[in-house]
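Protein chains in written order, with full-length UniProt numbering: chain G, 1 to 172; chain V, 1 to 172.
Ideal Cβ placement from N, Cα and C applies to all residues, glycine included.
In this text the structure is predicted, and so the values were computed from the model without any measurement.
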DNA sequence: CAAAATAATTGTATTTTGCAACTTTTTCTT
DNA sequence: AAGAAAAAGTTGCAAAATACAATTATTTTG
């Protein structure tokens with residue numbers, strides 16, 4: 001570090017990371033907040049995904065894609081299991097299922113073992129949809145996230161997984 | 001690990017990263033998708049933040065917090081500048097401003113230099129609110145994100161910033 | 001001076017979301 | 001075995017957000 005005649009005004013002036021500025025403005029305390037980056041990334045990613053799925057009846061909102069995949073992969077899965085994966089409450093999950101049922105993508109049956117519970121099954125139409133959605137997810141990962149440098153990808157993915165799992169653990 | 005007579009069924013079985021399972025279920029292709037983790041993290045983080053701010057009239061939705069801080073820090077800032085930071089369109093930004101004005105947190109004036117544009121200013125009430133929100137953000141970072149291991153924090157923050165900046169660059 | 005660009009608003013339509021209250025069926029307790 | 005507690009889902013409600021297209025007013029450009 002070079003000589004500096006005066007003391008830094010703030011501790012941050014000591015390190016070499018430049019501040020984040022947008023149009024010449026700083027973002028206050030949000031610059032150091034995990035929540036800011038997570039929420040900002042989400043907004044843009046989700047918007048992009050919505051556009052890609054605009055005509056697919058599972059567009060918009062979080063949970064429909066995961067639900068579709070779970071029902072496709074685990075015939076007979078129950079809404080409460082899905083709610084657990086989604087970290088959502090039952091009403092929210094129930095409504096996601098309502099929509100998929102209404103669209104004819106999945107089927108509801110009463111579970112034979114537990115009359116309170118339901119067993120969900122994919123339909124042919126739903127299975128085809130799931131395949132299409134897989135294609136869209138793959139495309140987004142390749143096209144949208146191309147701004148993540150190749151050498152960063154693995155590290156970022158690993159961090160995300162770790163944080164995600166820790167958050168789940170806290171949640172449960 | 002016990003002896004394995006047969007070849008692994010999938011390439012993934014070769015490496016040592018365990019698959020992510022929730023309640024015994026895998027999440028299909030989403031397991032390798034950036035979007036899944038970003039969207040899941042966002043949902044839980046945003047819900048937590050909403051609860052913390054439930055009675056603060058800036059609760060819910062993305063953008064109000066950033067807007068409040070920008071107006072607090074940059075008197076005379078214009079809606080279009082805010083929209084740029086938020087990566088939102090003008091109608092969305094305008095409505096965020098509407099609500100803050102209605103709540104008496106900020107004030108709209110016509111910009112002297114450009115009659116089309118507005119200049120926004122914080123009110124005393126809004127400034128007090130901004131201070132409260134700063135406290136909440138700090139509290140959430142400390143309390144909610146305690147699940148991020150201390151040794152991961154810097155690295156995760158750095159990755160998030162890098163990805164965020166690259167995404168912005170792509171967006172512009 | 002007319003045309004194009006820019007700032008912001010309005011209108012509209014579609015959804016989400018979270019919470020609380022309620023029904024039905026199982027499971028637990030004593 | 002009976003009553004209480006827990007669990008699975010549903011319904012109702014209230015509050016908003018979101019995106020997109022079209023419109024008004026003001027500047028800038030050619």
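query	result
State buried or exposed for residue 62 of chain V, treating a residue as buried only when at least 16 other CB atoms are found within 10 Å of its CB.	buried
Just grab the DSSP bridge partners of residue 77 of chain V for me.	V:120
Check whether chain G comes within 8 angstroms of residue 81 of chain V, counting only Cβ atoms and requiring the distance to be less than that.	yes
Could you tell me the alpha carbon to alpha carbon distance between residue 46 of chain V and residue 54 of chain V, rounded to whole angstroms?	12 angstroms
Which stretch, first to last residue, makes up the alpha helix (DSSP H) that contains residue 106 of chain G?	It is not in any alpha helix (DSSP H) - residue 106 of chain G instead sits in the beta strand (DSSP E) that spans 106 to 110.
Tell me, which residues are paired with residue 137 of chain G by DSSP?	Note: residue 137 of chain G sits in no beta bridge, so no partner.
Of all Cβ atoms in chain V, is any one closer than 8 angstroms to the Cβ of residue 174 of chain G?	Nothing in the structure corresponds to residue 174 of chain G, since chain G is present only between 1 and 172.
Should the segment 14 to 31 of chain G be called in touch with the segment 81 to 98 of chain V, which here means at least 3 C-beta pairs below 8 angstroms?	yes
Distance, Cα to Cα, residue 37 of chain G vs residue 144 of chain V?	15 angstroms
Whose C-alpha, out of G:152, G:85, G:127 and G:40, is nearest the C-alpha of residue 31 of chain V?	G:85
Can you list the residues of chain V that residue 27 of chain G reaches, using a CB-CB cut of under 9 angstroms?	66, 69, 70, 73 and 85
By the three-class DSSP mapping on this structure, what secondary structure does residue 5 of chain V have?	Note that residue 5 of chain V scores a pLDDT of 45, beneath 50, so its modelled location is shaky and nothing firm can be said.
Nearest to residue 101 of chain G by alpha carbon, out of G:115, G:112, G:92 and G:123?	G:123
Skipping 5 residues on each side, what residues in its chain have a beta carbon closer than 7 angstroms to that of residue 118 of chain V?	78, 79, 108, 109, 110 and 111
Can the beta-carbon of residue 148 of chain G be found less than 8 angstroms from the beta-carbon of residue 166 of chain V?	yes
Under 8 angstroms between C-beta atoms, does residue 213 of chain G make it to chain V?	There is no way to answer for residue 213 of chain G, as the model of chain G reaches only from 1 to 172.
Give a yes or no on whether the minimum CB-CB distance between residue 160 of chain V and chain G is below 8 angstroms.	yes
Taking C-alpha atoms, which residue in V:106, V:155 and V:95 lies nearest to residue 128 of chain V?	V:106
Using a beta-carbon distance cut-off of less than 8 angstroms, what residues from the segment 32 to 56 of chain V approach chain G?	32, 33, 34, 35, 36, 37, 38, 39, 40, 41, 42, 43, 44, 45, 46 and 49
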